[in-house]
Every structure is written in C-alpha cells, then in structure tokens.
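Chains as they are written, first to last, in the working numbering: chain W, 20 to 672; chain U, 7 to 150.
Heads up, the thing below is written out as structure tokens.
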C-alpha cells in the first residue's frame, strides 16, 4: 500500500538523518566553532522535524524542534558548546533514533520526551515551543535567469505562464502522493517550471498544506482549475497569470530566497533512485536462473557446431558477464553503512570505562555485497568493544608506559584481489600469547604437548576457540560469556576468515577477510564416484595429482608431504559415504588431490576427477537442511542437476 | 478455527497400496519424479536428497521412509508433492497421487488403536469412505 511506502521512506530517511546528526555532532565536538557542521546538524534536525510533523509523529516533531532551538543558539553564538551540551543533544538523538525504531516496528513513536525537553530547554535562553512549528512557505515565487528565459520564451510561443497555489485538505495523509497526482494532472496540459517548496521537499512532505508552482500552458485559468479540482483532497486552487509580472522582472529578481530553499540549496542532488531491496533480490534470482540456462546453451551450441549459433551464444555470454557485473554492482554498498554507527558506540563505551580513545576510520567507501554488509555489524561491534575493553589501557597506565594517554582504535577497510579486508587495530597493551597458551591449556582446549609445536599465529588463533575466555573479570562491555568464537563463526558463515596479530605493549590487529559477494562464486567441480561436488576456488591452494607411493600413514591417518610439512589427506568418498559407482572399477595408482586451506592449515581432499572451473550460483539448502555437515549450499549445474558445494572450513582440522 | 461443518479439499496419494491425504491448501504443485542429489549427512534419514525445482533447490523427503513403510524403487507413477512448510517448500515422494476429495471436519475419526508406534503423531486421523480408508497426514509434524 502507498501509505506503507511513505512510512518506509520516512523510516529510511529518518535513520539517515539520525546518522548524519551523529556524524556531524562527533565532528562538532572536536571542532565546536565550525559553522558549516552546525548547519549540517541543524539541517538534519530541521528536515526530520518537517517529516515527523507531516507524518503526524508529534513527539518526534516536538523533540526535534527543541533540538533545533539548541542548535540555533549554537549557530548564533558559536563557541558556547560544552561537553554537557553535547551529551544532552546526543541523548536526544538517541531518543529520536529509538522513536524511529518504534515507528519501524509499527508503533507511533510516542514516548516521554519531557526530560529531554527540559534539558534541552535549559541549554537555550528562549522558550521551547511545545508544538512543532513547520516551515513557513513564501508564496510568490522568484525566478533565476534560466527560469526567466524559459518563461519569456514560452510567452513568445503562445503559452501563458501561471503561478498556481494549491492547498491540500488539512486531513490529507499522503501529501506527497497528492502532490504527485497534481503534478501529473498538470503535466498533461503544460509544463511545470518551478515549484516552491522545491520538488524534493514536496516529495519528502516537507511542507504544511500549501505549495506553489510556476506552470506554462495554453489552457485557461478555469480549465486548469477544473483539472486540478479533479484530484481528490485538493482543498483550494489559486491561479494567477504572471505575464505582466514577467515584464517587471528586475523588481522581483533580488527577492529573498525562501526559507526552504536556503536549506536545500546546498544539497547537490545526485541522480539516484531508491530501489526496494526485494526487487534487487528478485533481479538477482532471475539472473541466477539465466546463468544456469546460459551454461546449458553453451553446451548445446558446442555439440551442434553451428557457427552462427556459436557466435551468438558467445556474444550473449559476454553480455551476460557484463550484466552480471552491473547487477552485482547494484548490490554493493559502501561499508560506511555499518561503520557509521561505531563512533558513537566507541565514544560511549570509552566514557563508561574511563578510557580516552580516539577512533579512526579508513576506507569506509569500500564496497561489499549488501547481504554481507547486513551481517557484519554485530561481530565488528564485538571486535571494537574487545579492543577498547581489553586492548586500550587506562589513561594512567598508558602514561606510565610512556604512551600518549589517548589510545587509538582504528577501523579500516580495503579491497584486495577478490576480497575485502576489514581490520580493527589498537595501540593498546597487545596480547601475551604465552598467557593465551596457558589459559587454553588450563581450560582444556589444547594439550600441553600441542602447545610446544604451535606457531605464533596459531597461538593467537586460540582466542577464537569456542569456550575460550581471557577476561580476568566480567566487565559490562565484553567477557559476558559470548566470546570471540561467535565472531569467528559469524564471519566464517559468510565465507570469511578471521586472524589476529599482536605485539605486547604495542597493540593488536584483528583482520577479517570477506568475499566481495556471496551469491556467485568460482568453483571447481569435481567428481566423486557418480556424484558431483563444487569446491569454492577461494578455498583452494592448489590442485595436484599424486602417486599412491606419496601417501604415508601416521596415527591411522593418511598424510602427504606438502610444502615441507605433512598434511592430512581426506578421501571425499569416505567423508560423504559416496556409494560405489557400478561398473567402473579399473584401478589407478594416481589420485587427484585438492589442497584446501583454512588459516595456515592445509588438508588434501581426494576426488576421482576434476571436471573444471565454473562460475556457479551459490544457493542455500534452506533451513530444513541447515545443519548438514561440510555442505555450505548447492548450485544448479548445466544439465539442471544439483551439485552440493563443500564447506572446506569444516573439513580442515 | 474451522467450524464442524468446514469443508476441505484433500489430495489423495498412495503409499504401499494404502491411501493417504493432505490438505490441498498446503500443496504447491505435484511433480513427476525429478533427478535427486543425495545430501550426505542430512539431518534426517528420510531425506532422499535435493532437487532443482524450477531453479529453487528444494529438499525432498521419501514419505515411505518417513512413515515407516518399506522402501521401494521409484517408477513412472512416482510423484513428488511439493508442500509448503515454515522453512520453505519441501517435496514428499509418494507412490502415486491421482485424486482429490472434499471432506468435512466431522468426518475425521481418531486413529484406530494398534497404530500407536513412533509415527502415530504424524497423522490427524482417518476418513472412512467405505470401502476407502484414507489416513490424513499432519503436515507440520512431518516437517518437524
């Protein structure tokens, strides 16, 4: 329904404005006299107020109005900003966010805002208005040079320029929809040259009930009135022919710009549209089916050996590769969508813990598939909290260690090969790996003799073992029993790999490697007896053919030598209990082996044959088969059959 | 809640010569046998595999195995009922499916004594249309 569309728009944009206020308030706190930043926060509060008022979320409108007042004082008397003031405004932003969340969950966003109002009021000299004031619109329009020219020319061509002021019913719910209908009705009979408030503002329902458009048409005033009164919920229409006024342009020229224009004037709007995520997913699904059929077509063309057909299919394949890039690109979002919410959290957590922390963010424009972005927020919060809680020392300890009392937590993202890397690093106390090993031994996670042969990275990796906890005491921030192993599992479920490196006294670095996109992957298709499996190329270190004599046995485990060490060998026939194919039983003293990697560990997987490299669409097996061991999904291969995709992470011990 | 006189359409299918039924409203489609891909280590032993149902990977349950009926090879009559569950569509392999029936709620009788093995909870009851006896499946239980 249209109503819910507008609601969704309100929620999405509301959240963007909350984010914008958070970002700029944080900047402002560092640089309290910067007028452009104040303007930016003000603009968001102002827009939110207008949106809330038009959607009739009264408490939200009142609260944002009070915030606006505080910001207005700041704007006029820069330098008055205090830390206390920031706390209050931040709290109010939090309240706004909660109200929007409430609205998103079907509530009406009402809550007790009196404490906030009282605090905000105390920060301003003027009284806080209890009801939200909305933007006043100046009624007569002013035109810039270009618009003047258009109007002049239209007169020459026999059109009449009008200014039409339309007032909607006070009870109109979907104001933007009515505006749209009015514009459409007008569009059939002439051309809209200008609107006040500007069209974007009208679309955001950022106006009371009245708006004015400059319109050229060959119709008469009466005809236009009849057309407009046909649109429901239009209360009144006033039309004035402005042919005469155009003649005296100079007088109007310098007319002050309306309030609304002042706020939107700076926003250079990019030509973008918002697309419902579901539609993108549908597009993706359709494209996936296309890829499957493309494979089938390629094979058919190959067997028919018709030159015209082959050429057409080749061209189609190239186009669909481009198409794929475009579609995948559409699904990409910059990681700043997740990163944005962290500075506030870091500010709060470090205040709670009495630590001084500077947060740096790098590479926030790095893009990742939307489905991955949706999942990485929580584990990253965990890593950041971990760095603040366990990494960064208290200010006095830092000073005693000869460091700057302010610690730095850096969150960075970058793109390399076919992966995106996200790092959380800090210049804190680092990690004592021997202490880790001792903890792991005492918690029964590793045996004492294992510890002797462990490399440094392996020791650090212990942090991610399930059931492992180093927290000396339970703090409010982390160490609540949910450990880094959950972080590791979440990233691994996305096809990611987590690792950690540290230098005692210098700090630690947590790195996450993520695939760019989840749904289309390069896979090596392999045959095991009569079954076909796919192994993601990203997991494969190399493929090799070994002779029977290369296989050794230790501890009842087949091993081979690989890059100077012995690595275990797994026969997929055994792992997946593949039924023996009938007939084909000739003996070969060679094995096809795929070396897969997880962190620094390798395992060789034995298969019957390599079928080849394919771009496949990874599909979920669904909740029903979610817990299937070592299978991460499935794909439809060229002949329409389903091949399972192996989760090699589960196979590397 | 349906009233006592509520009408319902059921799909009749056969397993080992016996007739069973489930609500038409839960059936998305009835398919001829499709190629199955075995899923090693599937969480249930009665999962015959997954199939490609018009581009969607769909798990398939062999209803014979599920209901404790002796396994049998698939033939030309074998059908897959695609049933909508909470976790998406699931296929049920049955011997044949070739009838629809209108029933009323009041017709449903309890399961006769003597059938109280571990599959007991998988049935809603029986419909007695002498000489036909149709056992009604409790679809959500089968999918649990």
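All C-beta atoms, glycine included, are put in the ideal place defined by N, C-alpha and C.
What in chain W is Cβ-close to residue i, meaning under 7 Å?
i, result
"residue 148 of chain U", "None at all; the shortest Cβ gap to chain W is about 12 Å."
Would you mind working out which of the options sits nearest residue i, comparing C-alpha positions?
i, options, result
"residue 584 of chain W", "W/570, W/591, W/199 and W/134", "W/570"
"residue 182 of chain W", "W/460, W/214 and W/525", "W/214"
"residue 377 of chain W", "W/391, W/355 and W/414", "W/414"
"residue 142 of chain W", "W/86, W/191 and W/117", "W/86"
"residue 201 of chain W", "W/256, W/176 and W/238", "W/256"
"residue 237 of chain W", "W/37, W/225 and W/175", "W/175"
"residue 217 of chain W", "W/209, W/229 and W/206", "W/229"
"residue 632 of chain W", "W/600, W/597, W/555 and W/580", "W/555"
"residue 470 of chain W", "W/636, W/567, W/199 and W/453", "W/453"
"residue 421 of chain W", "W/511, W/524, W/262 and W/64", "W/524"
"residue 318 of chain W", "W/332, W/591, W/79 and W/125", "W/332"
"residue 43 of chain U", "W/598, W/616 and W/646", "W/598"
"residue 122 of chain W", "W/39, W/29 and W/91", "W/29"
"residue 30 of chain U", "U/66, U/128 and U/103", "U/103"
"residue 154 of chain U", "U/80, U/98, U/138 and U/54", "With chain U represented from 7 up to 150, any question about residue 154 of chain U goes unanswered, as that position is not in the structure."
Use the C-beta contact count for residue i: other C-beta atoms within 10 angstroms, 16 or more gives buried, fewer gives exposed.
i, result
"residue 448 of chain W", "buried"
"residue 145 of chain W", "At residue 145 of chain W the pLDDT is 45, less than 50, meaning the model places this residue with poor confidence; the figure from the coordinates comes in the next sentence. Classification of residue 145 of chain W: exposed, given that the 10 Å Cβ count is below 16."
"residue 655 of chain W", "buried"
"residue 150 of chain W", "For residue 150 of chain W, the pLDDT reaches just 39, beneath the cut-off of 50, and the residue's location in the model is therefore unreliable, although a value from the coordinates is still provided. That one is exposed."
"residue 650 of chain W", "buried"
"residue 145 of chain U", "buried"
"residue 491 of chain W", "The predicted position of residue 491 of chain W is uncertain, since its pLDDT is 48 and thus under 50; no value can be drawn from it."
"residue 67 of chain W", "buried"
"residue 607 of chain W", "exposed"
"residue 108 of chain U", "exposed"
"residue 306 of chain W", "buried"
"residue 209 of chain W", "buried"
"residue 275 of chain W", "Annotation note: pLDDT 40 at residue 275 of chain W (below 50); position unreliable, coordinate value reported separately. Answer is exposed; the Cβ neighbour count stays below 16."
"residue 281 of chain W", "Because the pLDDT at residue 281 of chain W is just 42, under 50, the model does not fix this residue reliably, and the point stays unresolved."
"residue 292 of chain W", "exposed"
"residue 65 of chain U", "buried"
"residue 370 of chain W", "exposed"
"residue 101 of chain W", "exposed"
For the putative contact between residue i and residue j, defined by C-beta atoms under 8 Å, what is the C-beta separation to the nearest angstrom?
i, j, result
"residue 82 of chain W", "residue 47 of chain W", "Between residue 47 of chain W and residue 82 of chain W the Cβ distance is about 19 Å, and since that is not below 8 Å, they are no contact."
"residue 386 of chain W", "residue 351 of chain W", "4 Å"
"residue 125 of chain U", "residue 74 of chain U", "5 Å"
"residue 347 of chain W", "residue 536 of chain W", "5 Å"
"residue 170 of chain W", "residue 204 of chain W", "Incorrect: roughly 21 Å between the Cβ atoms, too far for contact."
"residue 232 of chain W", "residue 250 of chain W", "Residue 232 of chain W to residue 250 of chain W, Cβ: 13 Å. No contact."
"residue 538 of chain W", "residue 640 of chain W", "Contact doesn't hold; Cβ gap of about 14 Å is too wide."
"residue 543 of chain W", "residue 609 of chain W", "Actually they do not touch by this definition, with Cβ atoms about 18 Å apart."
"residue 391 of chain W", "residue 533 of chain W", "6 Å"
Are the Cβ atoms of residue i and residue j separated by less than 8 Å?
i, j, result
"residue 76 of chain U", "residue 70 of chain U", "yes"
"residue 652 of chain W", "residue 58 of chain U", "no"
"residue 355 of chain W", "residue 513 of chain W", "no"
"residue 405 of chain W", "residue 503 of chain W", "yes"
"residue 304 of chain W", "residue 93 of chain U", "no"
"residue 527 of chain W", "residue 519 of chain W", "yes"
"residue 96 of chain W", "residue 188 of chain W", "no"
"residue 547 of chain W", "residue 595 of chain W", "yes"
"residue 195 of chain W", "residue 219 of chain W", "no"
"residue 106 of chain U", "residue 17 of chain U", "yes"
"residue 562 of chain W", "residue 587 of chain W", "no"
"residue 37 of chain W", "residue 132 of chain W", "no"
"residue 664 of chain W", "residue 553 of chain W", "yes"
"residue 362 of chain W", "residue 45 of chain W", "yes"
"residue 441 of chain W", "residue 426 of chain W", "no"
Can you list the residues of chain W that residue i reaches, using a CB-CB cut of under 8 Å?
i, result
"residue 94 of chain U", "641, 642 and 643"
"residue 137 of chain U", "Residues of chain W passing the Cβ test: none, with the nearest at roughly 37 Å."
"residue 61 of chain U", "304, 307, 308, 311 and 655"
"residue 65 of chain U", "640, 641, 643 and 644"
Could you list which residues in chain U have their beta carbon closer than 7 Å to that of residue i, in chain order?
i, result
"residue 659 of chain W", "58"
"residue 647 of chain W", "45, 47, 48 and 49"
"residue 15 of chain W", "A question about residue 15 of chain W goes unanswered here, because the residues of chain W that appear run from 20 up to 672."
Could you list which residues in chain U have their beta carbon closer than 8 Å to that of residue i, in chain order?
i, result
"residue 650 of chain W", "45, 46 and 47"
"residue 550 of chain W", "43 and 44"
Check the Cβ of residue i against every Cβ in chain W and list those closer than 9 Å, keeping chain order.
i, result
"residue 41 of chain U", "658, 659, 660 and 661"
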